[in-house]
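Undergrad:
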Amino acid sequence: MQRLLSINQASIPLAKPDAKSKKSNWLEDAMGTVVKVFQGDKDPTLTRTAGGRAAEDESRDLGGPSNFSATATVTANNTEAVDAEDYEEFLEEEGMEGDTATPSMMVAKLIQEQAGVEAQKQLEVFLRQTVTPQLTALQNELQGQVERNRADQAAFQAVLTGMREQLVGAGEGKVKELEAEAALKSSSATTPAAKPPPGGRFYDRWEQRGVKSMEAARATLRSMERIQLKLDYLREQIEMRDAEVGTVDDLFELLRAILMEENERHRSGSLPTAAVVPQMRRKTFKELGAAKSQRLCDAGELDELGDVQPEKPPPCNDLLVGTMLEVCWRYWAPPEDPMGKRKKVAVDIWCEGEVVMIANGTTDKESPTCRKLLKAGAVRVKWPADKDRDEEESYTWCILTEANWNKEAVLGWRFSGADLKKRKSPPQRMLKCRFQHAE
1 MQRLLSINQA
11 SIPLAKPDAK
21 SKKSNWLEDA
31 MGTVVKVFQG
41 DKDPTLTRTA
51 GGRAAEDESR
61 DLGGPSNFSA
71 TATVTANNTE
81 AVDAEDYEEF
91 LEEEGMEGDT
101 ATPSMMVAKL
111 IQEQAGVEAQ
121 KQLEVFLRQT
131 VTPQLTALQN
141 ELQGQVERNR
151 ADQAAFQAVL
161 TGMREQLVGA
171 GEGKVKELEA
181 EAALKSSSAT
191 TPAAKPPPGG
201 RFYDRWEQRG
211 VKSMEAARAT
221 LRSMERIQLK
231 LDYLREQIEM
241 RDAEVGTVDD
251 LFELLRAILM
261 EENERHRSGS
271 LPTAAVVPQM
281 RRKTFKELGA
291 AKSQRLCDAG
301 ELDELGDVQP
311 EKPPPCNDLL
321 VGTMLEVCWR
331 YWAPPEDPMG
341 KRKKVAVDIW
351 CEGEVVMIAN
361 GTTDKESPTC
371 RKLLKAGAVR
381 VKWPADKDRD
391 EEESYTWCIL
401 TEANWNKEAV
411 LGWRFSGADL
421 KKRKSPPQRM
431 LKCRFQHAE
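If you read the sequence shown in the UniProt record's numbering, its first letter stands for residue 1, the second for the next number, and so on.
Right under this line is the structure:
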């Protein structure tokens, strides 16, 4: 197309046709060159021949331009000539007259129209080969981004739903707790009745909300999380059974007695100067005495077996073989609150076992493959099978120290109840409560 446009008007000797110009072939030569270029002839032969010079002379005689000095004369063979009728039709379409238009303008228009067609074809090829694949790739990328955004939105919606359900559950639990607290306060409020029923309001409260057994009371306390709710519940259960407990006069007298004892101990210098170490509640299933001792042991105020232990531990030698001991062992139990962060809770319990061997410190090892010798006085304990915890019979080496004798701590140790009965002259039984431990 560039070569086609490079053929300037001067290289095509055209002139306004008349009667004489029909005998010449200069217009046929010009149109033949244009047709050859349109048909794909990339290297048309442009020469100046004798015929060309004759055409130049004839064109000059007819009054046309003589520009053969530029490059060459256009020659063409076997082409369809453009006659005067085509030229007249061109003048009518363009609205020109013969004096102002030349045949070279008609050729230029044809070249311009063909150039427009070729440019449109090139544009279509460019759009089909370059732009369309890019648009398709961009569309696929946008579609993938939309799918990813939908997946992210679905995951985010699932997280929001879980958080909403968790918050709703926590809110419902809090509402129930507040309702229970409000009901408890409203029931314990002293609202005088116009005509009190027979037996008084304490009997009505006992009949309606009185607990029937300790198991039911423990279950109710475990269902309450706040300490104040537990105190209010216990206070109500006691007041409905004993009108003298918890009154102003009763509590005032109790406070007066406590202050008198506190002042006396302050003067004698026996008042504690540090906080009382909390005592671990005993968790074992041993034989207990009377009902009162049973209640004290259940409340953690009394350790009957620990109270009858000797003050000093026995020596860890061969004389200890065959003795039944209780060793404080640590177990891991599931938490009471399944919604809490803790996955397990440490529980220390007293486990009963038999001493079968004492290490001498020179030859005894924990296992045949172990290189390190056991410390002299190490105790090998035989643990019986425990069906409740799905444990088989096993053996364990333990280091029992004098500092851990009869202590409620890990590896604390003491005589079992059956072994204490075999020993003569057991020590005098002493009951210990929390207040005495504080001394």
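Every residue gets a Cβ at the ideal spot worked out from N, C-alpha and C, and that includes glycine.
First and last residue of the beta strand (DSSP E) that includes I349?
TA: V345 to I358 is the span of the beta strand (DSSP E), which, as asked, contains I349.
Undergrad: How would you label M240, buried or exposed, when you count the other beta carbons within 10 angstroms and need 16 or more for buried?
TA: It is buried - the Cβ of M240 has at least 16 other Cβ atoms within 10 Å.
Undergrad: Under a Cβ-count criterion, where at least 16 other Cβ atoms within 10 Å of its own Cβ denotes burial, should Y331 be classed as buried or exposed?
TA: So Y331 ends up on the exposed side.
Undergrad: What would DSSP say about M214, mapped onto helix, strand or coil?
TA: Three-state DSSP puts M214 in a helix.
Undergrad: Just how far apart, CA to CA, sit M357 and R226?
TA: Between M357 and R226, the C-alpha separation is close to 49 Å.
Undergrad: Mind checking whether E352 and L325 have CB atoms under 9 Å apart?
TA: Cβ atoms of E352 and L325: closer than 9 Å.
Undergrad: How big is the Cα-Cα spacing for D390 and L411?
TA: Distance between the alpha carbons of D390 and L411: 22 Å.
Undergrad: Check whether the region 310–326 touches the region 403–422, taking contact to mean three or more Cβ pairs, one atom from each stretch, closer than 8 Å.
TA: The region 310–326, when compared against the region 403–422, does touch it at the 8 Å Cβ threshold.
Undergrad: So S394 is in the beta strand (DSSP E); what residue range does that whole segment cover?
TA: Run containing S394: S394 to C398, per the beta strand (DSSP E) assignment.
Undergrad: Who pairs with F415 in a beta bridge, going by DSSP?
TA: In the DSSP output, where bridge partners are listed per residue, F415 has L325.
Undergrad: Is D43 helix, strand or coil when you go by DSSP?
TA: Any reading at D43 needs caution, since the residue's pLDDT is 42, under 50, leaving its predicted position unreliable; the model's value is listed next. If DSSP states are grouped into helix, strand and coil, D43 belongs with coil.
Undergrad: By alpha-carbon positions, which one of Q237, S223 and E177 ends up nearest to R205?
TA: Checked all of Q237, S223 and E177; the closest Cα to R205 is Q237.
Undergrad: What is the rounded straight-line gap between the Cα of W329 and the Cα of E172?
TA: Those two C-alpha atoms are separated by around 39 Å.
Undergrad: How would you label N317, buried or exposed, when you count the other beta carbons within 10 angstroms and need 16 or more for buried?
TA: Its Cβ having fewer than 16 others within 10 Å, N317 is exposed.
Undergrad: Do you know how far the Cα of R380 is from the Cα of D364?
TA: Approximately 11 Å, taken between the alpha carbons.
Undergrad: Helix, strand or coil for L373? Go by DSSP, reduced to three states.
TA: DSSP places L373 in strand when its eight states are reduced to three.
Undergrad: Mind checking which residues open and close the beta strand (DSSP E) that includes R380?
TA: Start and end: V379 to W383.
Undergrad: Taking K230 as part of the alpha helix (DSSP H), name the residues at either end of that continuous run.
TA: Per DSSP, K230 belongs to the alpha helix (DSSP H) from I227 to E239.
Undergrad: Counting C-beta neighbours from all protein chains within 10 Å, is the total for N406 16 or more, i.e. buried, or is it exposed?
TA: With 16 or more Cβ atoms within 10 Å of its Cβ, N406 is classed as buried.
Undergrad: For W350 versus A378, is the C-beta distance shorter than 9 Å?
TA: Their beta carbons are not under 9 Å apart, which means W350 does not touch A378 by this criterion.
Undergrad: By Cβ distance, which residues of its chain are closer than 7 Å to A409, with the 5 residues on each side in sequence left out?
TA: Hits under 7 Å: C328.
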